[in-house]
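The opening position of the sequence shown corresponds to residue 5 in the numbering used here, with each subsequent residue numbered one higher.
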Amino acid sequence: MDQQKRREFLKASGLLAGGIALSPFASAHRSSYGFNSNVDDTIKVALIGCGGRGTGAAAQALSTKQNVKIVAMADAFRDRLETSYKSLTSKKYTDANGKNVEGTAKVDVPDSRKFVGFEAYKDAMALADVVILATPPGFRPYHLEEAIKQGKHVFCEKPVATDAPGIRKVLEVAEIAKKKKLNIVTGLQRHYQPNYREAIKRIEDGALGDIVGGQVYWISGGVWVKDRLPSMTEMEYQMRNWYYFNWLCGDHITEQHVHNIDVANWVKGSYPVEIQGTGGREVRDGKMYGEIFDHHCLDLVYADGTTISSQCRHYEGTYSRVDEAFVGTKGRIDSFSNKNTILKDYKGKVIYAHDSKGDGNPYQIEHDELFEAIAKGEYKFADAERTAKSTMTAIMGRMATYSGKLVKWDEALNSDINLFPDKLAWDAMPKVLPDENGFYPIPVPGKTRAV
């Protein structure tokens, strides 16, 4: 890659302005172009959110063919940051020349570049060219806004918000990122998974005719739970146990099932105009489960009248399925499992059967493609708008199940329900609090406000 071209791209996309100019670490290596002039022209990454997914994403960034280094880390909690740092530095990676190197050669994060607290992300971003956003989803709109303001390329985990005001912010930021030509790749990794790409390409080309129905599923067991410790404030407890609080997670329909809902939108090439559904807490009723439901069943209705059914649940010891199926006027696909990604007509003739031999890991592919584009000076990825609208679809589904109402797209997107706390501090109170027995209020269909 011509380094002059790359530097011109970085300048045009904003990497030479904003936060980098304020960075003592970056300025120590700046050339006359204002960018890192090391011989290897390292792409510097800041990890924002050092939990399991953030650590995994950082390891995938370091496993690309480009010369990538983690140079800053930020998290609300010191212990989580240090656990992530230990994990990343203990791994072995392959450098840009194909040579095996120790993790310490790829993770250059001394204590001075480990930032802790609610505002830590700003300082970490200022030191990097690319940021990985992997905090609980409720923070995503604000972190994405700051990253684009500072002129950074972004890998951003899904979902991108937990309420409609957050979605509207992300949509605004997505437009700014396009104007600045800043790449944004999001963690809806099915868009980077070969069998999905190839099958849906053929569906878009009309192999199944018009899509007239389908089903999407995330039905499985539950996830982790964090215990409340006597020393924790309410803010710390909710942030430690973030999966069970809507301002942080958005309920598992948003945090998890967004993957499958996004596939429905992808196959239809649009977003639902209305949703109705039902949900509740059937088996997961302890106080440690906060305020979220353990099951949701929805009808996603699109403008042409097509209804896609949606199911997500967390029941231990039951039938599990994480998959999608669709029917068209010419044929159907019953599963996107790598071994069963087969398009058939209604006489049983195979229209397309995906061969998964040699398919890469989609979690790695999304980083491979992002960092390759950055290294080549290319603007290729604008995932934020699509991901925001699929996240909004999931939020809209939650609105429908919590309220028992039919919810329409425009009223959902324009909702003024803001779940985020008025103040972020360890002694501040979130908007949803437990009663005297430690139980949180649970949405009641027919009583809970929809939008």
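Glycine included, C-beta positions come from ideal geometry on N, C-alpha and C.
In this text, all values refer to a predicted model and were calculated from it rather than measured experimentally.
Identified DSSP bridge partners for residue i
i              : result
alanine 78     : Ile52 and Phe119
tyrosine 2     : Nothing can be reported for residue 2: it is not among the residues displayed for the chain, which extend from 5 to 455.
leucine 304    : Ile279 and Ile312
histidine 299  : Gly284 and Arg317
tryptophan 270 : Looking at the DSSP assignment, tryptophan 270 forms no beta bridge with any residue, so it has no partner.
aspartate 327  : Tyr221
leucine 137    : Ile52 and Cys160
Distance between residue j and residue i (C-alpha atoms, nearest Å)
i                 : j              : result
lysine 156        : aspartate 45   : 16 Å
glycine 321       : arginine 288   : 13 Å
asparagine 187    : arginine 390   : 14 Å
asparagine 42     : lysine 103     : Because asparagine 42 sits at a pLDDT of 33, beneath the cut-off of 50, its placement in the model cannot be relied upon, and the following sentence gives the value as read from the coordinates. One C-alpha to the other measures close to 19 Å.
valine 4          : aspartate 209  : Because the chain in this structure spans residues 5 to 455, residue 4 falls outside the shown range and cannot be described.
valine 424        : cysteine 54    : The sequence shown places phenylalanine at residue 424, not valine. C-alpha separation (whole angstroms): 21 Å.
lysine 349        : serine 314     : Going by the sequence as given, residue 349 is aspartate instead of lysine. Those two C-alpha atoms are separated by around 24 Å.
valine 164        : glycine 309    : 28 Å
glycine 1         : serine 407     : Given a span of 5 to 455 for the chain in the structure shown, any question on residue 1 remains unanswerable.
asparagine 71     : isoleucine 47  : 6 Å
tyrosine 306      : lysine 90      : 47 Å
valine 277        : tryptophan 413 : 5 Å
glutamate 440     : threonine 282  : 29 Å
lysine 182        : aspartate 359  : 35 Å
cysteine 316      : threonine 395  : 15 Å
glycine 364       : glycine 226    : 27 Å
aspartate 127     : arginine 453   : 38 Å
lysine 185        : valine 158     : 11 Å
leucine 192       : leucine 131    : 26 Å
lysine 73         : glycine 121    : 23 Å
valine 411        : glutamine 64   : 38 Å
alanine 100       : alanine 62     : 16 Å
phenylalanine 385 : isoleucine 152 : 14 Å
leucine 148       : alanine 392    : 12 Å
Member of the options whose CA lies at the smallest distance from the CA of residue i
i             : options                           : result
tyrosine 356  : Glu373, Asn365, Asp338 and Pro366 : Asp338
arginine 57   : Met403, Tyr367 and Gly381         : Tyr367
arginine 84   : Val164, Ala138, Lys96 and Tyr97   : Ala138
valine 340    : Lys185, Thr452, His195 and Thr87  : With the sequence shown as reference, residue 340 is identified as phenylalanine, and valine is not the correct amino acid for it. Of Lys185, Thr452, His195 and Thr87, the residue nearest in Cα terms is His195.
threonine 258 : Met236, Ala63, Pro140 and Gln70   : Pro140
glycine 381   : Gly60, Tyr275, Tyr125 and Asp133  : Asp133
proline 234   : Ile446, Val448 and Gly442         : Gly442
lysine 435    : His261, Gly294, His371 and Ser94  : Gly294
valine 267    : His318, Gln197, Tyr323 and Arg317 : Gln197
glutamine 219 : Thr59, Asn264, Tyr247 and His318  : Asn264
valine 229    : Ile223, Gly364, Val216 and Trp246 : Trp246
glutamate 161 : Gly335, Glu370, Thr87 and Ile223  : Glu370
lysine 351    : Arg336, Tyr221 and Gly364         : Arg336
alanine 416   : Ala65, Val113, Glu149 and Pro169  : Pro169
valine 271    : Ile180, Tyr200, Val189 and Glu238 : Tyr200
glycine 474   : Tyr97, Ser116 and Asp115          : Outside the shown range of the chain, which is 5 to 455, sits residue 474, and nothing can be said about it.
alanine 50    : Met239, Thr68, Ala78 and Glu240   : Ala78
serine 94     : Ala178, Asn101 and Glu86          : Glu86
arginine 117  : Arg82, Pro145, Asp303 and His147  : Arg82
valine 216    : Lys110, Lys353, Thr311 and Thr166 : Thr311
C-beta neighbour in chain D for residue i, strict 8 Å
i           : result
arginine 57 : Among the chains of the structure shown, chain D does not appear; only one protein chain is present.
#### Entry: Given 8 Å, three or more beta-carbon pairs between the stretch 251–259 and the stretch 325–344
No, the stretch 251–259 is not in contact with the stretch 325–344.
### Task
Say whether the stretch 375–382 touches the stretch 407–423, bearing in mind that this needs 3 or more beta-carbon pairs closer than 8 Å, one atom from each stretch.
Of all C-beta pairs linking the stretch 375–382 to the stretch 407–423, fewer than three are shorter than 8 Å, placing the two stretches out of contact.
### Message
Does the stretch 287–301 come into contact with the stretch 328–337, if we say contact requires no fewer than three beta-carbon pairs (one atom in each stretch) closer than 8 Å?
### Response
No, they do not touch.
### Query
Where are the alpha helix (DSSP H) runs, 4 residues long or more, that stay fully inside the stretch 90–120, in chain order?
Listed in chain order, the complete alpha helix (DSSP H) runs (minimum 4 residues) inside the stretch 90–120 are 107–110.
### Query
Between the stretch 425–442 and the stretch 162–181, are three or more C-beta pairs nearer than 8 Å?
No, the stretch 425–442 is not in contact with the stretch 162–181.
### Query
Within the chosen definition, does the stretch 297–306 reach the stretch 272–288 through at least 3 CB pairs nearer than 8 Å?
Result yes; three or more Cβ-Cβ pairs closer than 8 Å.
### Query
Unbroken alpha helix (DSSP H) runs of length 4 or more, entirely within the stretch 162–203: which are they?
Complete alpha helix (DSSP H) runs here, min 4: 168–184.
### Task
Scan the stretch 206–249 and note each continuous alpha helix (DSSP H) run of 4 residues or more that stays entirely inside, going in chain order.
If we require 4 residues or more, the alpha helix (DSSP H) runs fully inside the stretch 206–249 come out as 238–244.
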